[in-house]
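Have a look at the structure below, then the notes.
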Amino acid sequence: MKRSSILLIYTGGTIGMKQDPGDQTLKPFDFGQILEEVPELQKFAFRVDSYTFDPLIDSSDVEPSLWKELATLIRDRYEEYDGFVVLHGTDTMAYSASALSFMLENLAKPVVFTGSQLPIGVARTDGKENLISAVEIASAKDPQGHPLVPEVCIFFNSKLLRGNRSTKVSSEDFSAFRSPNYPPLAEAGINIRYNQAAIRKPLDWEAPLRISTELDTSVSILKVHPGITPQVMRYFMCGDATRAVIIETYGSGNAPSRQWFLNIVKEAAAMGKVLMNVTQCMSGTVNMDLYATGKALEKAGVVSGRDITTEGALAKLFYLLGKSPDNDWVKARLGDDIEGEISF
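So the sequence shown is numbered by our numbering: it starts at 900 and just counts up by one.
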């Protein structure tokens, strides 16, 4: 079996920083010297190449344009490498991983997002362990030579999570990400233990990678809360520039039962808007048949997002809206499990 080759893609973020000995500020280091900064990578005997975005992108400034660049880069270098490791800021990593999971169609190689809470150049950094394990996972193959994890995922603090099932849960803990409704794809201890039953495999290992970069971002997110007013709700639900609305509801998909609330939902549905119900809870699923208020939303034209994350819902809508101008077609596809983003 030939030696694995990995492309390390640095988009920006804390992991790529080290302290300048002169002014003591944190600055990006040269990823062309990654083996000098993280010499442990040499023990794997992998070929590790690097690509650095210029300019680097702060996580809070991530836009769909970055996702398009990433998807295009991976497509253009797809035949050269066995896997890809994307170093990314943590604040929007779950959004980026969710988006790439849809945009990279027929993916049959690992695309592992990782980062750190502390810069790689400080003594207690979590960056080295995250990077080393992400590279090992991206290069791992089964006896037939197929990648063990041929999907878009996030590795953080010993756990490998499906990208479109992940959400950031802490700004301080090393366990910054969680996958509340889906088990880890792998866990790293003394050995890396792969959860083969949870990992998606392509139907055709030889199918060519396609990328879908036509994203329609005309989506708004309405978080239902006590005291929400008709004016605020109508602004989010019925704006001319909005094609779809993610409604973050209580519990298993509940919302206020006031008639004005349902009337605005019906108004948005009558305008042809795509309306998706996602729970505010960290874990669990939307079940609009459970309570009367949820059932009323369903009758008004709201589609259940089941156990999808908000990040996954946003990425899925961007992707589907970009595929077709027909909102009825999008509504019909919302319930499909396209890339493992929802459970049945």
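For every residue, glycine included, the Cβ atom is placed at its ideal position computed from N, Cα and C. Only a predicted model underlies this, so the values are computations on that prediction, with no experimental measurement involved.
Inter-residue spacing [alpha-carbon to alpha-carbon] between valine 1123 and alanine 1231: 24 Å
Inter-residue CB distance, alanine 1075 and asparagine 1063 (contact presumed, cutoff 8 Å): About 17 Å; that fails the 8 Å criterion.
Coil, strand or helix - isoleucine 973 by DSSP: helix
DSSP beta-bridge partners of lysine 1198: DSSP, once it has assigned bridges, lists no residue as partnering lysine 1198.
Sequence ranges, beta strand (DSSP E) only - wholly within the region 1144-1221, length at least 3: 1173-1178
With 16 other Cβ atoms within 10 Å as the buried cut-off, status of alanine 1106: exposed
Contact between the region 1023-1034 and the region 958-978 (3+ Cβ pairs under 8 Å): no
With 16 other Cβ atoms within 10 Å as the buried cut-off, status of valine 1131: exposed
Residue ranges of each beta strand (DSSP E) within the region 1011-1088, 3 or longer: 1051-1055, 1058-1061 and 1085-1087
First through last residue of the beta strand (DSSP E) which encompasses aspartate 948: 946-951
Aspartate 1206 and threonine 1184 closer than 8 Å at C-beta: yes
Nearest residue (CA-CA) to aspartate 953, options Met992, Leu986 and Gly911: Gly911
Opening and closing residue of the beta strand (DSSP E) in which tyrosine 994 lies: First-last for tyrosine 994: 992-1002, but that is the alpha helix (DSSP H), not the beta strand (DSSP E).
C-beta contact flag for proline 1079 and serine 1182 at 8 Å: yes
Segment contact flag, the region 1099-1117 with the region 996-1010, C-beta cutoff 8 Å, min 3 pairs: yes
Integer Cβ distance of serine 904 from tyrosine 980, believed to fall under 8 Å: 5 Å
Local conformation of lysine 967 per DSSP, three classes: helix
Between the CA atoms of glycine 1211 and histidine 1045 - distance to the nearest angstrom: 27 Å
Bounding residues of the beta strand (DSSP E) (the contiguous stretch that carries tyrosine 1093): 1091-1093
For leucine 1084 and leucine 1060, believed in contact at Cβ under 8 Å, the rounded distance: 7 Å
C-alpha distance - leucine 969 paired with glycine 1234, whole-angstrom precision: 27 Å
CB contact flag (valine 1010, valine 1034, <8 Å): no
Sub-8 Å separation of leucine 1220 and serine 1119 beta-carbons: no
8 Å contact criterion, which isoleucine 908 and serine 1015 should meet: CB distance rounded: Not confirmed; about 15 Å, so no contact.
Check whether proline 963 and phenylalanine 1217 have beta carbons under 8 Å apart: yes
Residue burial classification, threonine 1209 (beta-carbon count within 10 angstroms, cutoff 16): buried
Chain-order list of residues whose beta-carbon lies under 6 Å from that of valine 1164 (same chain, five-residue window excluded): Ala1199
Pick from Val1144, Val1177, Cys1137 and Phe1160 that is closest to glycine 1150, judged by C-alpha positions: Val1177
Cut-off 6 Å between Cβ atoms - residues of its own chain near alanine 1214, not counting five sequence neighbours on either side: Ser997, Ala998 and Phe1001
Backbone CA spacing between leucine 1189 and leucine 1196 [nearest angstrom]: 12 Å
Lysine 1067 and threonine 1013 closer than 8 Å at C-beta: no
C-alpha gap between leucine 1047 and phenylalanine 983, whole angstroms: 13 Å
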